[in-house]
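Visitor: Those sequence lines, one after another, are chains A and B.
Heads up: the first sequence at position 41 corresponds to 50 in this note's numbering, and the numbers run straight through without jumps.
Heads up: the second sequence at position 92 corresponds to 101 in this note's numbering, and the numbers run straight through without jumps.
Beta carbons: idealized from backbone N, C-alpha and C, even for Gly.
None of these values were measured; they are calculated from a predicted model.
Below is the structure I would like to discuss, written out as structure tokens.
Number of protein chains: 2
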Amino acid sequence: MVELSDAARSAIEDGHPASLTTLNPDGSPQTTVVWVGMDGDQLVVASLDDRSKMRNVRRDSRVSLSMLTGGTTHGLDNYLVVEGTAEVIEGGADIWLQHLAHHYLGPDAVFPPPDQRRPGYRMVITPTKVRGNGPW
Amino acid sequence: MVELSDAARSAIEDGHPASLTTLNPDGSPQTTVVWVGMDGDQLVVASLDDRSKMRNVRRDSRVSLSMLTGGTTHGLDNYLVVEGTAEVIEGGADIWLQHLAHHYLGPDAVFPPPDQRRPGYRMVITPTKVRGNGPW
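Written out as structure tokens, the structure reads:
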């Protein structure tokens with residue numbers, strides 16, 4: 010595990026959509042765009058359903074996550090990459106998605122819609138490496 | 010190979026920074042943010058130096074690329090994911106980076122700086138699958 014800098018932590022909590030890559034059964038990369046937040050020193054991604062990314066992580070825990078964070082360094086877009094190992098935990102997805110919706114959709118956002126709330130799955134990512142263009 | 014829709018092709022040529030994931034020697038995902046364009050039915054990424062992403066692709070050609078494309082569908086950010094197989098070709102990077110700089114930095118951009126121009130490497134990606142949130 011590596012500890013994230015304050016700048017990296019702040020970027021992750023600032024509502025930037027993130028590209029998350031997991032590994033398919035054949036080892037090929039599977040990428041999707043997700044909301045992400047911090048829980049202590051770990052990153053959290055949530056899903057109401059048992060999607061490919063969750064199934065992939067149960068088989069191979071290695072993931073990478075990247076996001077554009079706004080602004081530029083040396084004239085090029087700032088971005089953050091976090092590599093890590095992930096674990097899937099049942100439950101809490103609806104609570105996390107509502108928490109993240111405040112960052113991603115706005116302070117008054119209600120998400121998921123009340124009739125779609127269910128425990129779902131959380132992916133908890135322990136960072137092993139941080140890279141990118143910016144003050145990380 | 011799959012043929013890209015006009016909407017996907019247009020998004021790729023619209024100057025959105027892309028997350029590109031290749032596979033490290035140990036099979037873990039390696040993600041970086043790149044400029045990308047279209048050359049016929051293939052995607053092109055260029056680098057002046059022989060970076061990890063280029064070395065990775067020579068060993069394992071499987072890649073995924075994703076980008077936020079602006080706007081929303083069903084209230085969530087539009088994004089495009091292209092999975093494919095990639096090949097590294099020597100030369101032409103400086104010409105491609107200058108071409109892409111017009112899309113990513115502006116019509117008058119000069120990039121790479123004249124004193125840093127060298128042939129470098131192009132990664133040419135043949136799409137095998139297109140996914141995402143949006144009109145793809």
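Given A/Glu99, which residues of its chain have a CB within under 7 angstroms of its CB, disregarding the five upstream and five downstream residues?
Guide: As a first step, residue 99 of chain A is located in the first sequence; it is residue number 90 there, counting from the start. Correct list, in chain order: Pro128 and Tyr130.
Visitor: CB-CB under 7 angstroms to B/Glu12, same chain, minus the five flanking residues each way: which ones, in chain order?
Guide: As a position in the second sequence, residue 12 of chain B is number 3, starting the count at 1. Around B/Glu12: Asp50.
Visitor: Could one say the Cβ of A/Leu77 lies closer than 7 angstroms to chain B's Cβ atoms, at least one of them?
Guide: To locate residue 77 of chain A, count along the first sequence from 1; it is residue 68. Closer than 7 angstroms to some Cβ of chain B, the Cβ of A/Leu77 qualifies, so yes.
Visitor: Alpha carbon to alpha carbon, how far is B/Thr137 from B/Val66? Give it in angstroms, no decimals.
Guide: Working through the second sequence from its first residue, we reach residue 66 of chain B at position 57. Working through the second sequence from its first residue, we reach residue 137 of chain B at position 128. Each residue's Cα considered, the two are about 15 angstroms apart.
Visitor: So, B/Arg18 versus B/Val90, is the Cβ gap smaller than 7 angstroms?
Guide: Within the second sequence, the letter at position 9 stands for residue 18 of chain B. Within the second sequence, the letter at position 81 stands for residue 90 of chain B. No.
Visitor: Helix, strand or coil: how does DSSP classify A/Ser70 here?
Guide: Position 61 of the first sequence, counted from the start, is the residue given in the question as residue 70 of chain A. Correct three-state label for A/Ser70: coil.
Visitor: Over what stretch of residues does the beta strand (DSSP E) that includes B/Arg131 continue unbroken?
Guide: Counting from 1 along the second sequence, the entry for residue 131 of chain B is found at position 122. Taken as a continuous stretch (DSSP letters only), the beta strand (DSSP E) holding B/Arg131 covers Tyr130 to Asn142.
Visitor: At which residues does the beta strand (DSSP E) containing A/Leu32 begin and terminate?
Guide: Looking up residue 32 of chain A in the first sequence gives position 23. Unbroken beta strand (DSSP E) run through A/Leu32: Ala27 to Leu32.
Visitor: Could you check the C-alpha separation between B/Glu22 and A/Leu106 for me, to the nearest Å?
Guide: As a working note, residue 22 of chain B is residue 13 in the second sequence. As a working note, residue 106 of chain A is residue 97 in the first sequence. Computed Cα separation, rounded: 32 angstroms.
Visitor: Could you check which residue in B/Thr40, B/Asp103, B/Met132 and B/Leu109 has the C-alpha nearest to that of B/Pro123?
Guide: Taking the second sequence and counting its residues from 1, one reaches residue 123 of chain B at position 114. Of B/Thr40, B/Asp103, B/Met132 and B/Leu109, the residue nearest in Cα terms is B/Asp103.
Visitor: Checking the sheet assignment: what are the DSSP bridge partners for B/Tyr88?
Guide: Walking along the second sequence from the start, residue 88 of chain B turns up at place 79. Note: B/Tyr88 sits in a beta bridge opposite B/Leu77 and B/Asn142.
Visitor: From this set, B/Ala55, B/His83, B/Asp15 and B/Asn87, which residue's C-alpha is nearest B/Phe120's C-alpha?
Guide: Within the second sequence, numbered from 1, the residue matching residue 120 of chain B stands at position 111. Taking only the C-alpha atoms, the option nearest B/Phe120 is B/Ala55.
Visitor: I need the DSSP call for B/Ala118, collapsed to helix, strand or coil.
Guide: Working through the second sequence from its first residue, we reach residue 118 of chain B at position 109. Looking at B/Ala118 - three-state DSSP - the assignment turns out to be coil, as it is neither helix nor strand.
Visitor: Under DSSP, the beta strand (DSSP E) around A/Ser56 begins and ends at which residues?
Guide: On the first sequence, position 47 is the one that residue 56 of chain A refers to. Its beta strand (DSSP E) spans residues Gln51 to Ser56.
Visitor: Report the residues of the stretch 111–137 of chain A with a CB closer than 7 angstroms to any CB of chain B, ordered along the chain.
Guide: Going along the stretch 111–137 of chain A in chain order, one finds no residue with a Cβ nearer than 7 angstroms to chain B.
Visitor: Starting from B/Leu32, find everything on chain A with Cβ-Cβ shorter than 9 angstroms and list it in chain order.
Guide: Position 23 of the second sequence, counted from the start, is the residue given in the question as residue 32 of chain B. Simply Leu32, Gly36, Ser37 and Pro38.
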